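Q: Just so we're on the same page, the numbering used here is the position in the sequence shown counted from 1, plus 80.
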Amino acid sequence: MNVDAIHLRELNMPLAFAFETSFGVTTARRVLLVEVESDGRSAWGECVAGEHPYFSEETIDTAWMVTQAELAPRLLDAEMEGGGDCPGIFRQVRGHRMAKAALENAVWELQAQQAGVPLAKLLGGVRTTIGCGVSIGIQRSVEALLETVEKELAAGYQRIKLKCKPGWDREIFEAVRGRWPEIRLSCDANSAYRMKDMEAIASWDEFDLLMIEQPLWHDDFYFHSMLQKRIDTPICLDESIRNRRDALAAIDMESCRVINVKVGRVGGFSEAIAVHNAAAERGVPVWCGGMLETGIGRAHNIALSSLPNFSLPGDVSASSRYWTEDIIEPAVTVSKTGEITVPTGAGMGFAIDRERIESLTVRRESLRTRARVTA
Ligand code: OSB
Ligand code: MG
81 MNVDAIHLRE LNMPLAFAFE TSFGVTTARR VLLVEVESDG RSAWGECVAG
131 EHPYFSEETI DTAWMVTQAE LAPRLLDAEM EGGGDCPGIF RQVRGHRMAK
181 AALENAVWEL QAQQAGVPLA KLLGGVRTTI GCGVSIGIQR SVEALLETVE
231 KELAAGYQRI KLKCKPGWDR EIFEAVRGRW PEIRLSCDAN SAYRMKDMEA
281 IASWDEFDLL MIEQPLWHDD FYFHSMLQKR IDTPICLDES IRNRRDALAA
331 IDMESCRVIN VKVGRVGGFS EAIAVHNAAA ERGVPVWCGG MLETGIGRAH
381 NIALSSLPNF SLPGDVSASS RYWTEDIIEP AVTVSKTGEI TVPTGAGMGF
431 AIDRERIESL TVRRESLRTR ARVTA
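1) Is the beta carbon of Arg89 closer than 8 Å to that of Thr441?
2) Any idea what DSSP makes of Val222, helix, strand or coil?
3) For Pro393, is the classification buried or exposed, using 16 other Cβ atoms within 10 angstroms of its Cβ as the cut-off for buried?
4) Quick check on the DSSP output: the beta strand (DSSP E) that includes Pro94 runs from which residue to which?
5) Pull up the distance between the alpha-carbon of Val338 and that of Met291, whole angstroms please.
6) Relative to the alpha-carbon of Gly347, which residue among Arg444, Ala182 and Gln294 has its alpha-carbon at the smallest distance?
7) Under a three-way DSSP split, which group does Ala398 fall into?
8) Which of the three DSSP states is assigned to Trp188 in this structure?
9) Where does Asp268 sit, in a helix, a strand or coil, going by DSSP?
10) Indicate whether the contact test is met: 3 or more Cβ pairs, each with one atom in the segment 355-367 and one in the segment 325-338, closer than 8 Å.
11) Ignoring anything shorter than 4 residues, give me the alpha helix (DSSP H) runs that lie fully in the segment 267-301, in order along the chain.
12) Under a Cβ-count criterion, where at least 16 other Cβ atoms within 10 Å of its own Cβ denotes burial, should Asn92 be classed as buried or exposed?
13) Are Val173 and Val214 closer than 8 Å when you measure CB to CB?
14) Using 10 angstroms around the beta-carbon of Val105, count the other beta-carbons present and answer buried if the total reaches 16, otherwise exposed.
15) Counting only runs that start and end within the segment 206-256, where is the alpha helix (DSSP H) found for 4 or more residues in a row?
16) Near the ligand MG, which residues have their beta-carbon less than 7 Å from any of its heavy atoms, given in chain order?
17) Sorry if obvious, but does the Cβ on Thr374 come closer than 7 Å to a heavy atom of the ligand OSB?
18) Between Asp277 and Pro246, how many whole angstroms is the CB-CB distance? I'm expecting something under 8 Å.
19) Distance, Cα to Cα, Arg220 vs Glu319?
20) Can at least three beta-carbon pairs, one atom from the segment 409-427 and one from the segment 301-311, be found at a separation below 8 Å?
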């Protein structure tokens with residue numbers, strides 16, 4: 081296949097609920113969407129880079145720049161079978177994995193449409209439903225947190241993840257565990273701790289957490305491995321895992337016992353599948369992380385989560401937890417048992433709400449291929 085045109089857009093979308101992590105508060109998202117056209121078909125990809133370089137070095141602005149100046153021209157010039165060719169097409173460009181993922185995922189989506197198969201099938205998915213957990217941001221008070229946990233449990237979610245940081249850790253674990261001794265509970269520090277906190281972290285073993293996500297530096301394996309030797313609770317790595325080699329290094333040096341796979345963080349579906357497979361071969365479970373995605377990224381996360389080693393509930397939850405109105409039809413919903421049904425239609429299995437997207441668009445740019453000379 082050949083790509084005939086690539087359209088970039090920036091959407092401004094207010095979040096239905098503010099989301100606070102150890103690196104800051106998000107109240108609205110600036111979202112970069114790419115639309116890829118080929119042979120009369122169109123497919124979308126979402127770039128999960130944030131407004132600020134806090135979770136990773138990338139931002140929506142670096143992604144826009146690299147997409148229009150480097151990635152889109154390469155894709156427009158390429159001859160390809162499908163999404164699996166994208167890493168090779170983009171290889172000369174180092175890093176910028178979230179920008180690459182948006183385009184690559186759109187190409188996988190095109191390929192699925194062309195073949196008339198569900199995206200989940202094309203990626204190697206086997207599940208008909210996926211298990212869902214929620215990631216709960218830092219709250220105003222412990223009371224407010226308990227109310228939020230209660231609401232999410234009542235909605236059916238299978239696992240509660242608490243964002244934590246120094247000063248918002250032990251007390252909330254005690255309060256939540258005290259009230260719900262049996263639930264699947266985890267925490268995510270987004271790199272808020274240092275080695276001086278090792279004994280404090282070790283003391284959390286009593287809370288029987290499913291895992292502690294990315295307690296230390298965003299780019300570290302070695303100190304996580306020292307910490308993992310000191311504690312019983314499994315460490316889960318998010319930020320540190322950029323690709324399959326990182327997953328192998330982290331598993332082999334026991335920096336973690338669980339991996340959070342985010343398709344944007346690793347540069348697209350090809351590498352996400354490679355991380356999934358590497359972990360599966362070593363008996364390490366993975367789950368699908370979230371980046372406050374719109375319906376497009378969410379639909380892609382659902383397809384990815386249908387692969388066999390996504391054996392723990394992920395952070396992929398209902399559209400209504402983020403948006404008053406999503407940009408896909410229907411919105412993503414979660415059953416009373418905390419599951420999302422994997423769509424069975426061709427492609428991602430959700431329709432694009434173009435009108436809604438138009439009304440949210442604040443910036444756009446189109447790139448087209450030069451006329452091709454065929455022999
Ligand atoms: O570390 O998993 C994270 C959101 C933004 C950036 C990083 C993270 C998160 C979440 C939210 O935890 C997951 C979601 O609900 O989409
Ligand atoms: Mg995380």
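Glycine included, every Cβ here is placed at the ideal spot set by N, Cα and C.
Here the structure is a predicted model, which is why all the values come from computation and not from measurement.
A: Short version:
1) In the sequence shown, the residue the question calls residue 441 occupies position 361. In the sequence shown, the residue the question calls residue 89 occupies position 9. Contact: yes.
2) Position 142 of the sequence shown, counted from the start, is the residue given in the question as residue 222. Note: Val222 maps to helix in three-state DSSP.
3) What you label residue 393 is simply residue 313 of the sequence shown in a count that begins at 1. Its Cβ being crowded by 16 or more others within 10 Å, Pro393 is buried.
4) Position 14 of the sequence shown, counted from the first residue, corresponds to residue 94. Segment Ala85 to Thr101, the beta strand (DSSP E) holding Pro94.
5) Counting from 1 along the sequence shown, the entry for residue 338 is found at position 258. Counting from 1 along the sequence shown, the entry for residue 291 is found at position 211. If you draw a straight line from the Cα of Val338 to the Cα of Met291, it comes to about 8 Å.
6) Here the question's residue 347 lines up with position 267 in the sequence shown. If we check each option's Cα against that of Gly347, Ala182 comes out closest.
7) As a position in the sequence shown, residue 398 is number 318, starting the count at 1. Three-state result, Ala398: coil.
8) Translated into the one-based positions of the sequence shown, residue 188 becomes position 108. The answer is helix: DSSP assigns Trp188 an H, G or I state.
9) The residue you call residue 268 lines up with position 188 of the sequence shown. Collapsing the DSSP output to three states places Asp268 in a strand.
10) yes
11) 278-282
12) Translated into positions along the sequence shown, residue 92 becomes position 12. So Asn92 counts as exposed.
13) The residue labelled residue 173 in the question sits at position 93 within the sequence shown. The residue labelled residue 214 in the question sits at position 134 within the sequence shown. No, they are not a contact pair.
14) Working through the sequence shown from its first residue, we reach residue 105 at position 25. Exposed, since its Cβ has fewer than 16 Cβ neighbours within 10 Å.
15) 222-234
16) Asp268, Asn270, Glu293, Gln294, Asp318, Glu319, Asn340 and Gly369
17) Working through the sequence shown from its first residue, we reach residue 374 at position 294. Result no, Cβ not under 7 Å from the ligand OSB.
18) Within the sequence shown, residue 277 is the residue found at index 197, counting from 1. Within the sequence shown, residue 246 is the residue found at index 166, counting from 1. Their Cβ separation, rounded to whole angstroms, is 7 Å, which keeps Asp277 and Pro246 in contact under 8 Å.
19) In the sequence shown, counting from the first residue as 1, residue 220 sits at position 140. In the sequence shown, counting from the first residue as 1, residue 319 sits at position 239. Here the C-alpha atom of Arg220 lies approximately 26 Å from the C-alpha atom of Glu319.
20) no
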